[in-house]
Amino acid sequence: MQNKMRRRRHNLILWSLAVVLLLTSFFDAFSSVGLSRHVFADTAAERAGAAEQLLTKCREALNWKMKASGAKSEQALLDMMAAHAGRSPEDWYVLAMAKMGLKLDYTKYANALFEVCKDPEPTDVEQYRRYLVARAMGFEDIPGTVPEKLKNKGIMSAIYRGYAVAAGRASSSFVYGETQSALIDLKLADGGYALMGETSDVDVTAFVLQAYGALLGAQGKTAAGAELASAVRDGFAVLGKRQSADGGYASFGTANAESGAMVLLALAAFSDKDITAEVRNSVRANALIEATNRFQTAGGGFAHALSDGVASMENDLATAQVMCAYAAYASYLKGASGRLYPVKAAAGPVVPTTEKPTEMPTESSTEETTQKQTEASAEETTQKQTEASAEETTKKETEASTEETTAKGTEASTEETTEETAEESTEETAEVSTEAATEESTDVSEETTSDAETTENSSKETTIEEKTNENSTSVPTEGSDIEKPEEGSSTSARTIRWIMTAVVAGLILLALLANTFSRRKSKLTYILIVIFGVAALAFIWFSKITLPEQATQKQQQNYLERLPAQGEFRVTISIDQRIEGEEPLLTPRLVTVSGDDTVFDVLQRVTTAYGISIDYSKSMVGTVYVRAIGGHSEFDRGAGSGWVFLVNGALATTDAGSVKLSDGDELRWAYTLDLGKDVSP
Amino acid sequence: MRVYLHSRTWFIYFVMVIVILMTFWHPVVLLISLESGLIWWKILKRRLTMGHILGAAALLGFLTVINPIISANGATILFYLNGRAYTAEALVYGFLFASVMVCALLWSVILSEVMTTDRWLCVCGRRFSRTGLVLTMVFRFFPLFSKQWRKIREGQEALAGGAPVGWKETFLLTKRELLCMLTWSLEHGFVTADAMLARGYGSARRTYFNREKYGAGSALIALVLIGAFAAVITAAVLGGMESQIYPYVQIHMDGTVDILGFTAYFMLCHLPMISYKVLREERRMRS
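Which chain is which? The protein sequence lines are Z and A, in order. For the first sequence, the numbering used here begins at 1 and goes up steadily by one. For the second sequence, the numbering used here begins at 1001 and goes up steadily by one.
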C-alpha cells in the first residue's frame, strides 16, 4: 500500500515537471513574436507636427490667392473680397482665414456682408450661411436678420439649419431634436445622403456629417441620442467605402479636391470624445490629406481636378474649401474644436419644440421684416436655393436639386405660424442661449472683440452682443460622459477563444474515449492526454488573439499613412508575387516609418494592416527569414524560389531584420524564381 | 470464385496505391483510399474497434488544429494568434495531411497482412534472393523480439512473485530482462547459424524454390492495374485531380479528366479484392 502511494507521488512529480516543460516550451516558441510591439497610437507631438504641416499648406494657398488678386497683405485681401461678401468662394476664404486664427480686422467684410443681408428675399441656405460666416468672424448675429421662411425643405437647407441651430442662431424656429431628426429622416438606405435619388453622394454626406458634428457639439453626447450616433457611424461607413485607393474622393466620376475637403471637414467636425476611433478610422484621413495635397499647384493654390495627373489650374472654390478643411483639421489635431462654424452649447436639457417655446429672433427683428418674409414668393426663393446649393456642392446636377427643392418647398409655408406665436418670449430665451457660450465661440470672439465693437459703433442697428467674455461659464459642450469602450474586437476574440477551447476539449474527450475503447488502454496515456489538453488550453487562454477586422486594419492603415513627425519619414513599399495576370499583393504605397524600423518591422506592420499573411522564422540572434507572404511560399516555384527584398532596386545581401531604411527609400518585396537573380533590374 | 493473384501482382498493387495516396493530396483520392481500405479490413477480418475510429478522429482533429500554428502560410487570415496569422488554408492543409496519415496507417496494416514473408521472398525472387532474405529477417525480428520479451517478463514475474513496484524495481527488472534477451538472442543466433551451416548454406550455388506460378489471370489483372495507374498519372499530367492549397484552396473534382482519374483509381483500389477467398483461406491456415 505504502509502495503504491510512493509510486503515485513519483508520478505526480514527474508529470508536473513535464507540464512545466511543455508550457515553457510553448511560451518560448510563441511569445517572442507578436503585435504587442506595434502600438497604433499617435502622440500629441505627432499630431502637432501634422497640424503645422496643414497650416503651412493653408498659408501657401493664401499666398497664392493674395498674389492672384494682387493684394499686398492678408488684410488687404480680406478688404478686397468684401466686394463679393456673401458669395460662395469669398465666404469660404473668410471662414478659412478665421479658422486659421489670423488676427485680422473683419469690419469691412462684415459690413459688406450685413449690407448683402438686407436682401429682402434670401433663401434659407443663404441666410444661414451668412449668419454662420458672421459668427465665424466673431459676431453674434447679423443686424436685421430676417427670420427664416422655411420655404425650402431640401437637404441643403436642412443641413445649414443644423449648422445654424448648433451655432445658437436665436431666430431659429427649430430646436436641436427636430433639426437632427429632420436630417436623419433624409438618410438613404446605404447610410449616406444625396440631393436626390437613392445613391448617396460624398459631398452631401460629408455636409450632413458636419451638421451632425455641430449638433453633437452643441447638445452633448447624451442629449443627442443613439439615433444620431448610428447615423454618424453609417455616414462615415459610406465615406470609407467611397474613398479611393489613393485616399482621395471622386464626385461624378472625377477625382476632385473639394469632395476630399468636405470629407476632411466632416472628420474635423467631431472631437475624439464624440465618436469612437473605429468610426473615425472608417476614413483614412492621412491618405486623404496626401491625396488632397496632390491638387496643389506649383503656385500654392488648389486645383479642382487633375489634368494628366498634374494640378495646373487653380480654382477659387477648391482652394478656399481645402484651406477651410486643412485649417479645421489642424485645429482638430491640436485638440481644439475642428468645427468650421462656432458651436454654442445647449443650455440645460433639450426639450422638444412642442413643450418649450422656440428660440426667438434677436431684438432687431421688426414687424417690417416679418411682413416682408410672409410676402416672399415661393418660386423665387426656390430658384435662389438651387443656385446656392449648386455652388456649394461643386457643380452638382442643378436640375436634380431644383426638382427636389420645388417639391419640398411648397409644403414649408405651414411652419410660419409657429414662429409668430413664439415671439413674445424673446428676452428670456435669448439670454439663456447667450449665457451658454462655448469654448469655440470664446476663442474666436476674444480675438475679435475690438473689431466687433467698432462695428457696433459704425452700424446703427445695435444687435451685436458681446457677452461671451463675461459669461463664459463652463458649460459642458462636448459629450463629457464616459466613452463606450470598444467591445467589438474583444468579444470576437473571445468567441474565437471559446471556439478553440471547445475544439480542444472535444479532441481531449475524443482521445480519452479512444483510449478507453482501445484494446491496450493504459493509465499513462490518460495522464498524457490530460496533460497535453491542459497545456493546449493554457496556450489558448494565455496567447493573444486578434482579428483581422476591417476597422482595426483601417486604423493601422491610417497610422501607416500618417504624416511623418520628428524622426519619421516616408518610404514606398510594394509586395509583388510576380505571377502573370495576377495583381501584386501590394501596389507601391507610401508609408511612414520611424528611423528604428527594420525592413522586417515595416513588412510586418504593412502586412497586418492590409490583411496579408506572412510566415517567417526568427532566430535567437534576431535574424529573420521570411518564408511566405500572402500564401506564396518558398520553393513553391522551384528550388531557387522564395521572397527577397530590394531597397532602391538593389537586392539585399543580408536579412530583413538588420536592414534599416532612410527617407524616400523604395522597398520592394519580390518573389524570385532564381535566388534573386531574376528580380534585380 | 477463387481468384489467385501472384505475389508480384500484389506488390505492384500496393506500391501503386501508396504512391498515389501519398502524392495526390486530393480529398476524393483520400476518400477512395479510405473506403477501399475499410473494405480490405472487412475482407481480412480485422476488427474495426471504436478505439480505432476515435483515435483516427482525434489524430485528424489534432493535426488540423496544430498545423496553422506551425505554418502561417495561406492567404485567408482567420485571426492572429500571438501576432502570427492563423489561416484557413493551413487548416485545410493540416486536415489533408492528417487524412493522408490515417489512410497510410490503414494501408500499412493491409500491406503487412497481405504481404507475408513468403510473398516478400517471392517478390524478390531468384535475382534478389539475398535482399529477400534480409528483408524477411528484418520483418521477422520485431514480432519475434517482442514475443520473446513477453515470455521472459512472464517468467521473471513468476519468479519474483508479482509485478514490480516502484521505479527502482521496474528499472532493475527491465535491466535483467534486457540481459536475458541479449543472451537468448546470441544463443538463438548461434543455433540458427549452426542449423544453416548443417544444411549447407554458402557451400554451393544457392537454389531457389517458389511455389507460386505466374498465371494468365495474375498477369491480366496486373496489366489492368498498371493500365489504371497509367490512367491516373495521365489524368494528373493533363492537369486533372489537382488540389492546390496555398495560397488559395483550389480543388478540381468535377472535370472530365478528374472523373476519369478518380474512376481509374477506384478500379485500381478495388480490383484485387476479387481474390478475397484465397486471402481468407491463407489467413485461416496461418492461424
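Even glycine gets a Cβ: it sits at the ideal position worked out from N, Cα and C.
In chain order, which continuous runs of the alpha helix (DSSP H) of length 4 or greater are located wholly inside the stretch 175-232 of chain Z?
176-185 and 202-219
Just tell me which of Z:53, Z:164, Z:257 and Z:256 has its CA closest to the CA of residue 214 of chain Z.
Z:164
Tell me where the beta strand (DSSP E) around residue 587 of chain Z begins and ends.
586-594
Nearest CA to the CA of residue 1220 of chain A: which residue from A:1125, A:1204 and A:1009?
A:1009
Among residues of its own chain, excluding the 5 on either side of residue 1073 of chain A, which ones have a beta-carbon nearer than 8 angstroms to its beta-carbon?
1087, 1089, 1090, 1093, 1246 and 1247
My output table needs one value for residue 649 of chain Z: the three-state DSSP class, helix, strand or coil.
coil
What is the DSSP secondary structure of residue 1026 of chain A, reduced to helix, strand or coil?
coil
Rounded distance between the beta-carbons of residue 1082 of chain A and residue 544 of chain Z, thought under 8 angstroms
5 angstroms
Rounding to the nearest angstrom, what Cα-Cα distance links residue 1125 of chain A and residue 1069 of chain A in this structure?
48 angstroms
Distance cutoff 8 angstroms, beta carbons only. Does residue 1074 of chain A sit that close to anything in chain Z?
With 8 angstroms as the cut-off, residue 1074 of chain A counts as an interface residue toward chain Z.
Under 7 angstroms from the C-beta of residue 84 of chain Z: neighbouring residues of chain A:
Annotation: residue 84 of chain Z has no Cβ neighbours in chain A at a cutoff of 7 angstroms; minimum Cβ distance is about 55 angstroms.
Under 8 angstroms between the Cβ atoms of residue 325 of chain Z and residue 239 of chain Z?
Contact flag unset, no.
Kindly indicate which residue of Z:613, Z:159 and Z:112 has the alpha-carbon position closest to the one of residue 193 of chain Z.
Z:159
So, with DSSP's three-state summary, where would you put residue 1175 of chain A?
helix
Inter-residue spacing [alpha-carbon to alpha-carbon] between residue 111 of chain Z and residue 69 of chain Z
Going from the Cα of residue 111 of chain Z to the Cα of residue 69 of chain Z covers about 21 angstroms.
Members of the stretch 544-574 of chain Z that neighbour chain A once the beta carbon cut-off is set at 9 angstroms:
544, 545, 546, 547 and 548
Straight-line gap, residue 1156 of chain A to residue 1177 of chain A (C-alpha atoms, nearest Å)
8 angstroms
Below 8 angstroms between beta carbons: does that hold for residue 61 of chain Z and residue 322 of chain Z?
Taking 8 angstroms as the cut-off, the beta carbon of residue 61 of chain Z is found closer than this to the beta carbon of residue 322 of chain Z.
Chain Z contacts made by the stretch 1034-1064 of chain A, where a contact means CB separation under 7 angstroms:
Per Cβ criterion, the list reads 1049, 1050, 1051, 1054, 1055, 1057, 1058, 1061 and 1062.
Once you ignore the five residues that flank residue 1122 of chain A on each side, which residues in its own chain have a CB closer than 6 angstroms to its CB?
1007, 1210 and 1212
Could you check whether residue 130 of chain Z and residue 104 of chain Z sit closer than 8 angstroms to each other, using their CB atoms as the reference points?
Not in contact: residue 104 of chain Z and residue 130 of chain Z (Cβ atoms no closer than 8 angstroms).
Under 8 angstroms, Cβ to Cβ, is there at least one residue of chain Z near residue 1081 of chain A?
yes
At 7 angstroms on the CB atoms, spell out the chain A contacts of residue 331 of chain Z, in chain order.
By Cβ distance, chain A contributes nothing, its closest Cβ being about 36 angstroms from residue 331 of chain Z, past 7 angstroms.
Residue-chain proximity (residue 1247 of chain A, chain Z), Cβ-Cβ < 8 angstroms:
yes
Short of 8 angstroms in beta carbon distance, which residues of its chain neighbour residue 663 of chain Z, apart from the five on each side in sequence? Order them along the chain.
569, 570 and 571
So the candidates are Z:260, Z:241 and Z:237; which of them puts its Cα closest to the Cα of residue 248 of chain Z?
Checking every option, the nearest Cα to that of residue 248 of chain Z belongs to Z:260.
Helix, strand or coil at residue 1287 of chain A [DSSP, three-state]
coil
Indicate the three-state DSSP secondary structure (helix, strand or coil) for residue 252 of chain Z in the structure shown.
Three-state DSSP puts residue 252 of chain Z in coil, outside helix and strand.
Using beta carbons (cut-off 8 angstroms, strictly below), is residue 519 of chain Z in contact with chain A?
yes
If the cut is a Cβ gap below 7 angstroms, which residues of chain Z does residue 1231 of chain A touch?
Correct list: empty, because the minimum Cβ distance to chain Z is about 28 angstroms.
Among Z:291, Z:216 and Z:285, which residue has its Cα nearest to the Cα of residue 271 of chain Z?
Nearest option by C-alpha distance: Z:216.
My guess is that residue 657 of chain Z and residue 607 of chain Z are in contact by the Cβ rule of under 8 angstroms, so how many angstroms apart are they, rounded?
With a Cβ gap of about 15 angstroms, residue 657 of chain Z and residue 607 of chain Z do not count as contacting.
Return the residues of the stretch 627-651 of chain Z that lie within a Cβ-Cβ distance of less than 8 angstroms from chain A, sorted by chain order.
627, 628, 630, 631, 632, 633 and 636
Residue 511 of chain Z classed as buried or exposed, judged by whether at least 16 other C-beta atoms fall within 10 angstroms
Under a 10 Å Cβ-count criterion, residue 511 of chain Z is classified as buried, with 16 or more other Cβ atoms of the shown protein chains found around its own Cβ.
What does the Cβ neighbour count give for residue 126 of chain Z, buried or exposed, with the cut at 16 atoms within 10 Å?
buried
Within the 8 angstroms Cβ cut-off, does residue 1077 of chain A reach chain Z?
yes
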